[in-house]
């Protein structure tokens, strides 16, 4: 039966004369599956029957594959790994990834005895592409996936690394290799939700599930990771909340701990000793050479499941790896937020008299509950704790995340009420001590569970924060100093009459004055409001305009703050189906100027490396901006963190640096007017689910006409990132390039430019760079917490040289950002004639608080602290 929706890929191969020919191994097909790879390999979705195979399956899935690789030796009928485009009918959106498929004896795709293709790795599950998208190598060796409009969706970030081709290995690893057949980039280093046999999940890597079985978007709620002492599973919050751990004692001298699936078992190993130190679940042995196959996948509900190929049965789940180690009610999302799990059933919290929580969906009670009255930080006086009887948290109490000191139960409850971020208080009595215990104060509440008799949760208490309905406060008076209402009856009628006359006269005077004052205030506000409306009515290319009330609802009364700075605060919210970040400016005077600048600037420009402005609110004194939500937060929390789970590998750092450069190149050179951002720093660089970087916070930006070489403006920006020419107030967009150089050095070194916690001689990173460059000791500045960075030492030093080029004191000697992008892509070399002079001068009259005295010249490189 012919497929109902047949896809195919056009494979166009261009072999450069200077590149050695490398053959990718694969099954011999009538249409070649092994090919000579060079710097250009383009794949287009077209139904023209060339290059790759396509097949429709009975479960409405379709797949187009290339680089088929049999798991058996010699190749024969059975399972194969392949690079693939995968979709589900009506096939309007596609994943690019690695699939397990079944081929017949001739090497053609087949469906008998195989079930549907199994996607075990994907590049773009958060940004699906449509038909006619392209996968191709750039001239610099970067593998890129672009949508039909040519926009970059995903890339390997391997530009300039001498990539010669791509293959899929017998273990299912998608590999980009150089002319010596050495791996330059591999999918095993970037796991998604699955783990294949022999694939190591090392320290810092994560398995992150899809949002659901039908939604491929990355789930932002759960993840599984390997730390130095074992395997951990967390619910994502701030801080993360633990729901599973398997700690191990590694042997002396072991360098790394990692998990893998091998010989039918999920086990944790110590890399230097290569011995099994802990097995999660033993299974029957499998034989891959005989065509048997299995893989592990972290599901959206937090379960870690083993799937095994069983011929006519396809790919059934054969084992829940954590079963018996994590109870059925001990998963963080089993009953959704605030949901209480009891024997697999879900309910909402109640005290039996009042309703504080309601179900999100009456038909799907496992989706969780929400407060009837949202918790507002602006009304902390109306916060109370709802005591739950015989209930504990999903993880009981995570002692590592609890408050460091033992306290009593009342102090635990009080600590939650005094902290707006706290959403619940969980208390556990400690051992034989009947008064002291552990206090756990989560900032986000996941599922709860009813205590079981066989467990020891009876010694714990659970309290949920609720917002009570507001009621007018009692009226204080002379006879009721505590605020209770009291009444008294006068005894003399004359006193009453006199009181009435005097009171009436005073009331009349007060009434007239009140009418006059109110009238003046109304008139003034009308004019102010009209001025404000006129200001924003003239903003060109205006985006969606929200009312303040709409944004209060979207942010649940501004209850979840995710950031704060000199400009104001940022809150997480939801507009329709879209998560958003709402920035609320605090200061009316300065805020208005910054607000107008930001709306005008980012409202009219669109680029993949700029945060998208969705809309704004300008209502009376309220100034708010609504942005796309960036799930991984700002860059500073990644590069300054000592948490191994947040460590960035070298390729991720390269990709982030490239994203920043491309965003700046667009602002400086591709807009109608040149736009100087003027506040480039890690806090203003945000990361999405894929750790792709986008520039944000355009409140200080400046438009520069193309016929002007410079512009004069007041000093603006953040100390530590300001270019030396700010001393003259005559600047160009190249002040951003100096800031870019500082940020690159922070990314490479993993430390702040100005760090006053260090010895005096080590406070200023750029001064240290200047000294190390002159002494040819640049490798001393490589992030000491990253072994992987040390492996790429030569590439890191080349990146430092780009940073030094950008840090030249004479701005005329700095490269344009478009040139910096070409350097990062490997098409242009770094300038060799660089002066190792990045600091204008060191002032000797700093005040005690680290700021310059008023008589000192204002030097960008030696100011301290964020703005």
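In the numbering used here, the protein residues as written are 1 to 867.
Ideal placement from N, C-alpha and C gives every residue a C-beta, glycine not left out.
Beta-carbon proximity of residue 356 to residue 342, cut-off 9 Å: no
Can you give me the C-alpha to C-alpha distance between residue 248 and residue 634, rounded to a whole angstrom? 33 Å
Assuming residue 81 and residue 172 form a contact by the criterion Cβ under 8 Å, report the distance between their Cβ atoms to the nearest whole angstrom. 4 Å
Would you decide whether residue 789 is buried or exposed? Buried here means 16 or more other CB atoms lie within 10 Å of its CB. Flag for residue 789 reads buried.
Nearest to residue 120 by alpha carbon, out of 86, 797, 129, 141? 86
Kindly indicate which three-state DSSP category residue 514 falls into: helix, strand or coil? helix
Do residue 730 and residue 689 have their C-beta atoms within less than 9 Å of each other? In this structure, the beta-carbon distance from residue 730 to residue 689 does not fall below 9 Å.
Could you tell me the boundaries of the beta strand (DSSP E) in which residue 910 lies? The structure shown does not extend to residue 910, since the chain spans only 1 to 867, so no value can be given for it.
C-alpha distance - residue 669 paired with residue 711, whole-angstrom precision: 16 Å
Which full runs of the alpha helix (DSSP H) of 4+ residues lie inside the region 759–842, going along the chain? 765–774, 787–791, 793–806, 817–825
Assuming contact is defined by CB atoms lying nearer than 9 Å, are residue 123 and residue 141 in contact in what I supplied? In this structure, residue 123 lies away from residue 141, with their beta-carbon atoms at least 9 Å apart.
Out of curiosity, what's the CA-to-CA distance linking residue 816 and residue 665? 8 Å
Can you list, in chain order, the residues of its chain with a C-beta nearer than 6 Å to that of residue 717? Leave out the 5 residues immediately preceding and following it. 678, 679
Spatially closest choice to residue 294 from 327, 807, 831, 266, by CA coordinates: Of the candidates 327, 807, 831, 266, the residue whose Cα lies closest to the Cα of residue 294 is 266.
Can you check DSSP and say which residues form a bridge with residue 622? 619
Residue 185, DSSP secondary structure in three states: strand
With H, G and I counted as helix, E and B as strand and the rest as coil, what does DSSP make of residue 563? strand
Three-state class that DSSP yields for residue 332 in the structure shown: coil
Starting from residue 348 and walking both ways along the alpha helix (DSSP H), at which residues does that stretch end? Taken as a continuous stretch (DSSP letters only), residue 348 belongs to no alpha helix (DSSP H), as it is neither H nor E.
Endpoints, the beta strand (DSSP E) within which residue 154 is located: 152–155
Hey, out of 329, 721, 365, whose CA is closest to residue 872's CA? Only positions 1 to 867 of the chain appear in this structure, which leaves residue 872 out of reach.
List the whole-angstrom C-beta distance separating residue 661 from residue 821, where the pair is believed to meet the contact cut-off of C-beta under 8 Å. Residue 661 to residue 821, Cβ: 5 Å. Contact.
Sequence-distant residues of its chain with Cβ nearer than 6 Å to residue 562 (five each side left out): 570, 572
Do the region 184–192 and the region 206–217 touch if we need at least three Cβ pairs shorter than 8 Å? Counting C-beta pairs closer than 8 Å gives three or more between the region 184–192 and the region 206–217, which meets the contact rule.
To the nearest whole angstrom, what separates the beta carbons of residue 884 and residue 298, a pair I think is in contact under 8 Å? With the chain running from 1 to 867 in the structure shown, residue 884 is simply not present.
Tell me whether the beta-carbon of residue 89 lies closer than 9 Å to the beta-carbon of residue 128. no
Under 9 Å, do residue 800 and residue 781 count as touching if we go by C-beta distance? yes
Buried versus exposed call for residue 148 [16 or more other C-beta atoms within 10 Å across all chains shown]: Its Cβ having fewer than 16 others within 10 Å, residue 148 is exposed.
Residue 203 Cβ short of 8 Å to the ligand MG heavy atom set: Looking for the ligand MG in the displayed structure turns up nothing, as the structure carries no ligands at all.
Name the residue from 654, 672, 150 whose alpha carbon lies nearest to the alpha carbon of residue 161. The shortest C-alpha separation from residue 161 is found at 654.
If you follow the alpha helix (DSSP H) that residue 357 is in, where does it begin and where does it stop? Unbroken run through residue 357 is the beta strand (DSSP E), 357–359; no alpha helix (DSSP H).
Whole angstroms are fine: how far does the CA of residue 754 sit from the CA of residue 760? 11 Å
Exposed or buried, what is residue 732 when buried is set at 16 or more other beta-carbons lying within 10 Å of its beta-carbon? buried
Taking the continuous alpha helix (DSSP H) assigned at residue 744, which residues delimit it? 734–749
Could you say which of 702, 551, 544, 116 lies nearest to residue 315 if we only look at CA atoms? 116
If you follow the alpha helix (DSSP H) that residue 636 is in, where does it begin and where does it stop? 636–639
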